[in-house]
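Report on the following structure.
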Amino acid sequence: MSTTPGASSAENGGSFDPRQAAALLDQTTQQARRRLAPSPPWVLATRAVMVLAALGAIWVSVRGQHPYRGPTAADIPVLIAFIVINFALTVTVRQRAMAGVRGRSRFNSVEITILVLAWVAAAVLMAALSAAGVRYGWYPTTVLIIPGLAWAGITAARADWRGCAVGVTVAVIGVAGLFAGPAGSWAVAGVGLCALMLAEAAATARQQRA
Amino acid sequence: MTDDGLDPLIHVPTRLKIVATLAALPEGDVLSFTRLQDMIGLTPGNLIIHLRKLEEADYISSEKTRNGTVSITTVALTGHGRTALDTYTRALRDLLGGL
């Protein structure tokens, strides 16, 4: 069902004004890109604000701790809420965008397994470092390094170089946090991930308009 | 070709919407018939007619698979179809640039 004026005559063999054709082509292309985007700009921007607010709130809470003890009991619900809402938003929007889509855009079971294992490995590593008294085990940014590298590896194998850059950036944020101290690493994580997601939002918006 | 030098297969509003929508999919991806119908806003019968014309010209490919008892038809733009859309888009720009 077309809303383009004069389109019904064009459908029936009449002339289709090239200007209307150009407008319809642009409109359809932009709409399709928006509806098929697994991570639309508004989702990325929302997640950027959420990560900055959640991790920033924890940084404010822990920055005065001497010695560092980590997030307080009041911080834990904030962290959990952020993780749950971020996951739910991301998955819901992605599922809606990817409905009916099959092929390379979907992760296969091997890739999903690698990503899950990367997070598990990161958590196990942090626990092991903490138990061994290594202070980096307490830094929240440490958990970003292995999953970031895993994402970079998976996307590189798909020749998705933008995705690979995102994964590498996440890992770099993880490493940068190691130099900021345990409290400062919350700020590094919040600011770094927020900036990354805002950059992704801008790049995606630009791509959709191209 | 039309009088303006535009591909007559694409230069129809419905088929233009179909190829433009499928072109938004990354290469290597396919779209279910149901999702395409939802995005284009056509009746199934009308969509099938246009898809057949595009498939006869090798602009799109379609595949029917079974998922248990459910039959799923997926479509995608072929390389030939992407080239045809690129050619059409360039011709359209050239034509409008000259107007």
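Chains as they are written, first to last, in this note's numbering: chain A, 1 to 210; chain B, 1 to 99. For every residue, glycine included, the Cβ atom is placed at its ideal position computed from N, Cα and C. The structure presented is a predicted model; accordingly, all values stated were derived computationally and were not measured.
Helix, strand or coil: which one does DSSP assign to residue i?
i: N108(A); result: coil
i: T43(B); result: coil
i: I154(A); result: helix
i: T110(B); result: Since the displayed chain B opens at 1 and closes at 99, residue 110(B) lies outside it and no answer follows.
i: D86(B); result: helix
i: R162(A); result: helix
i: L198(A); result: helix
i: E63(B); result: strand
i: L31(B); result: strand
i: R63(A); result: coil
i: V12(B); result: coil
i: R69(A); result: coil
Mind checking if residue i is an interface residue toward chain B, Cβ cutoff 7 Å exclusive?
i: G100(A); result: yes
i: R135(A); result: no
i: R104(A); result: yes
i: P41(A); result: no
i: L36(A); result: yes
i: F16(A); result: yes
Among the candidates the options, whose CA atom is the shortest distance from the CA of residue i?
i: A201(A); options: M98(A), W42(A), Q20(A), S15(A); result: W42(A)
i: A88(A); options: L25(A), Q27(A), R47(A); result: R47(A)
i: T34(B); options: A84(B), L51(B), H80(B); result: L51(B)
i: L31(B); options: A203(A), I85(A), G103(A), D75(A); result: G103(A)
i: K17(B); options: L77(B), T69(B), R93(B); result: L77(B)
i: V19(B); options: G68(B), A91(B), L85(B), D58(B); result: L85(B)
i: A94(A); options: A37(A), L198(A), L79(A); result: The sequence shown places Arg at residue 94(A), rather than the Ala named in the question. Of the listed residues, the one whose Cα sits closest to R94(A) is A37(A).
i: D94(B); options: P18(A), L79(A), L115(A); result: P18(A)
For residue i, which residues of its own chain have a beta-carbon under 7 Å away from its beta-carbon, when the five flanking residues on both sides are left out?
i: V12(B); result: none
i: W186(A); result: L55, I58, W59, V62, P140
i: L96(B); result: none
Which residues in the same chain have their Cβ closer than 8 Å to the Cβ of residue i, if we skip the five residues on either side of it in sequence?
i: T89(B); result: none
Answer with yes or no whether the minimum CB distance from residue i to chain A is below 7 Å.
i: K53(B); result: no
i: L77(B); result: no
i: R82(B); result: no
i: R35(B); result: yes
Near residue i, what residues of its chain come up, given a Cβ to Cβ distance below 6 Å and the 5 sequence neighbours on each side ignored?
i: E111(A); result: I154
i: S61(B); result: A76, T78
Against chain B: residues of the region 23-34 of chain A by CB proximity under 7 Å: L24, L25, T28, T29, A32, R33
Compile a chain-ordered list of the residues in the region 20-33 of chain B whose CB is closer than 9 Å to at least one CB of chain A. A20, T21, L22, A23, A24, L25, P26, E27, G28, D29, V30, L31, S32, F33
Can you list, in chain order, the residues of the region 62-75 of chain B whose Cβ is nearer than 7 Å to any Cβ on chain A? T74
When you check each C-beta in the region 3-15 of chain B against every C-beta of chain A, which residues fall closer than 8 Å? D4, L6, H11, V12, P13, T14
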